[in-house]
Amino acid sequence: MTLDLFTELAWLPAAPADFAQTCKTLATELQGAGRLARQLANHRLDENQLNKLANALKKVEANGGSLAPLTPFRLGLVSNATSHFLVPVLNATAARHGIALQCVEADYGQAMQMALDPESLINSARCDAVLVALDARGLPLAPSPGDAESARHTVDGALSQLTAIRRGLSQSGAVCIVQTLPRPVESLFGSFDSALPGTPRRLIDDINRGLVESLLGSQDLLLDVAHLAETVGLGRWHDPKLWNLAKLPFASEFLPLYAEHVCRLIAALRGKSKKCLVLDLDNTLWGGVIGDDGLEGILLGQGDATGEAHLEVQRVAMALRQRGVVLAVSSKNNDEIARQPFAKHPEMLLREEHVAVFQANWQDKASNIKAIAAELNLGLDSMVFLDDNPVERELVRTLAPEVAVPELPSDPALYARTLLAAGYFESIGFSEEDKQRAQLYRDNARRVALEKQAGDVDGYLASLDMRLTLQPFDDTGRARIAQLINKSNQFNLTTRRYTEADVARLQHDADAFTLQVRLADTFGDNGMISVLICRRTDDVWDIDTWLMSCRVLGRKVEQAVLAELVEQARACGVRSLEGSYLPTEKNSLVENHYEKLGFELLERSDDGATRWRLDVGASAPHSELPMQVQRIGFGAAAAA
């Protein structure tokens, strides 16, 4: 039986036969429940199975158990429809994305009231985000076919209502996730509906367009339910019977798909989107086996159905690279033979320069993927592995369970669609630096290779001709600063998360010191690689946030940043710096960060958290650093 790609989330493996029993086991776990929950959630689950998993999660918390290492997230939910059926499905689906979700549900049809009342259940809950799940039935839409002026007033009124809801909810600091409106199935004028002002279809099109425009430049996010409904079919999405009986906004068969898309956005907000696509070669990037069939025998390119299917995989890989996804290769092959199509086949779109790390050998692919992650300084949970071979897929799932491994159908024509449908690379923004990320990682892999050849680390660092740029937060860097704060997990002392609006407030806060750091070298521009936030209390600067891209580890950037921090603190009359290390599953890398920089330990908690202090007056400057430092925007006092 062929699975429905979207309805059944066919990129996920089937649920194990003992799923129900394992859920019962999960419910009794007090430690390690989070990992087991994610393992269970990472399967193709229907509504009933998601409810079982959600009930198990609820029992874990009721029994005082921990869902670590899942990341806590509080989601408000306001809707014009019945929404309580959605809560358990969201909770279970969130575990798939590494999130321990807590939903705060507004009363039925109370979106505006909940938004405008500062003391409402939603606003007082201090949610991280609020899902504004309104459809056309929750907005004042009065059809006026042929009356352009009335149609314009209707659209403006609907958009004003959505803006008022967003503005009210934003007072609590929450990000709003706002839905586009699915088009209706029924038409009054047939195909002419889309052309005639005031028809329901045209009104919804105009509202969706206005909604997208209103979100540009804001911290709020778009959930494109209209696209989702059209993907599976409007006739299947809209179920008049369910609406009339229970005020359910869409057919219940799409609950897992809807929850999946909501949770992808939440995961992206917490920096959990994937960063690297690892590609198999034989029968994935081309048809056939290069070692057996030779360069002329593999299937690739126009004029052959199989060849065109594999070419589409390459097109998608290139498109992902252009938006910042890092590409790597893991193939069981002789290295020299595996590289031949990249260099010599006229139909190849991918070339070696597009691949950050190329692994072709006879080791198992789980080991190779771990090596690729290490070379790129990425966590395994940042990796996606695309392979046509089910044996290889299962091996990687078993030996490297953090890696996302999509199930692929037997027909290669569906490989590219399946990869994209899985949504591993969900994005909530796109910057100029995102466009360069893939190249940045490839350049860094070249630096690592050069470092391995060099015997003298200091000489190697000097040869890089590093140029460090330090400046306070500004309007230009704000979006990238917020992105780094929300995506950096490994080199992040506290993993506190701030929205773009929070960054703007810090930028103008007289009691805050902020720093954005950029690095360039002989291989290219690394872009913004570090962010630091200090908050002043009397004569102490508390280091609220210190994070850095793992791409630049081992290059003495930390010492340069500290030297700047000490210099700026002295100029501002600050006597000491204090900072905390708050341990998470991923940031053990920086457990000894402050100790290495000469800070004094003040206290250590049972959970591993530590508190540190540095006397600014007694701190010796780092006079010899292997980089040029440029300071921008600190003012005359600081520059002196």
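For the sequence shown, our numbering begins at 5 and goes up steadily by one. Backbone N, C-alpha and C fix where the C-beta goes; we use that ideal spot for every residue, glycine too.
From G102, P76, A575, residue whose alpha carbon lies closest to that of C131: P76
Among D611, A37, L289, which one has its Cα closest to the Cα of H314? L289
Cβ separation of L390 and V361, assumed to be a contact under 8 Å, to the nearest whole Å: Not a contact, Cβ separation roughly 15 Å.
Taking the C-alpha atoms as reference points, what is the distance between W195 and G239? In the sequence on display, residue 195 carries Ser and not Trp. Looking at the two C-alpha atoms, the distance is approximately 16 Å.
Report the residue ranges of all alpha helix (DSSP H) runs contained in full by the region 383 to 445; include only those spanning at least 4 residues, in chain order. 394 to 403, 419 to 425
What residue does the alpha helix (DSSP H) around F23 start on, and which one ends it? 23 to 31
Leaving out the 5 sequence neighbours to the left and right, which residues in its chain are closer than 6 Å to E568 when beta-carbon positions are compared? L474
Between which two residues does the alpha helix (DSSP H) holding R540 run? Not the alpha helix (DSSP H): R540 falls in the beta strand (DSSP E), residues 528 to 541.
Starting from Y598 and walking both ways along the alpha helix (DSSP H), at which residues does that stretch end? 597 to 600
On a Cα-Cα basis, can you pick out the residue from S83, V136, L135 that is closest to D111? S83
I'd like to know whether the C-beta atoms of Q443 and G583 end up nearer to each other than 9 Å. no
Three CB pairs or more closer than 8 Å across the region 44 to 56 and the region 216 to 225: no
In the DSSP output, which residue or residues are listed as bridge partners for G275? DSSP output for G275 lists no bridge partner at all.
If you run the structure through DSSP and keep just helix, strand and coil, what is K251? coil
Exposure label - A643; buried when at least 16 CB within 10 Å: At A643, the pLDDT of 35 sits below 50, so the modelled position is not reliable; the number obtained from the coordinates is stated separately. So A643 ends up on the exposed side.
Endpoints, alpha helix (DSSP H) assigned at R471: Run containing R471: none in the alpha helix (DSSP H); it sits in the beta strand (DSSP E), 470 to 475.
Along the chain, where does the alpha helix (DSSP H) containing F346 start, and where does it finish? 339 to 348
Would R446 and V359 be called neighbours here (beta carbons separated by less than 9 Å)? yes
Just the C-alpha distance for P20 and A309, rounded to the nearest angstrom, thanks. 34 Å
Taking A140 and L185 to be in contact with their CB atoms under 8 Å, please state how far apart those CB atoms are, rounded to whole angstroms. 5 Å
Neighbourhood of H88 by C-beta distance below 8 Å, restricted to the same chain and skipping five residues each side: E109
Based on Cα-Cα distance, which residue from I533, Q487, D462 lies nearest to P630? D462
Would you mind reading off the limits of the beta strand (DSSP E) that contains I103? 103 to 109
For the beta strand (DSSP E) containing V189, list its first residue and its last residue. Neither: V189 is in no beta strand (DSSP E) and is coded neither H nor E.
Could you say which of L226, A58, E599, P394 lies nearest to A37 if we only look at CA atoms? A58
Where do the ends of the beta strand (DSSP E) carrying P76 lie? 75 to 83
Element boundaries [beta strand (DSSP E), containing K336]: 330 to 336
Residues of its chain near P204, where Cβ-Cβ distance is below 6 Å and the 5 sequence neighbours each way are ignored: P147, P188
DSSP state of A644, grouped into three classes? In this prediction, A644 scores a pLDDT of 31, lower than 50, which makes its location untrustworthy; no coordinate-derived value is stated.
Which word fits W366, buried or exposed, when buried means at least 16 other C-beta atoms lie within 10 angstroms of its C-beta? exposed
For the beta strand (DSSP E) containing T498, list its first residue and its last residue. Where T498 is concerned, there is no enclosing beta strand (DSSP E), given that its DSSP letter is neither H nor E.
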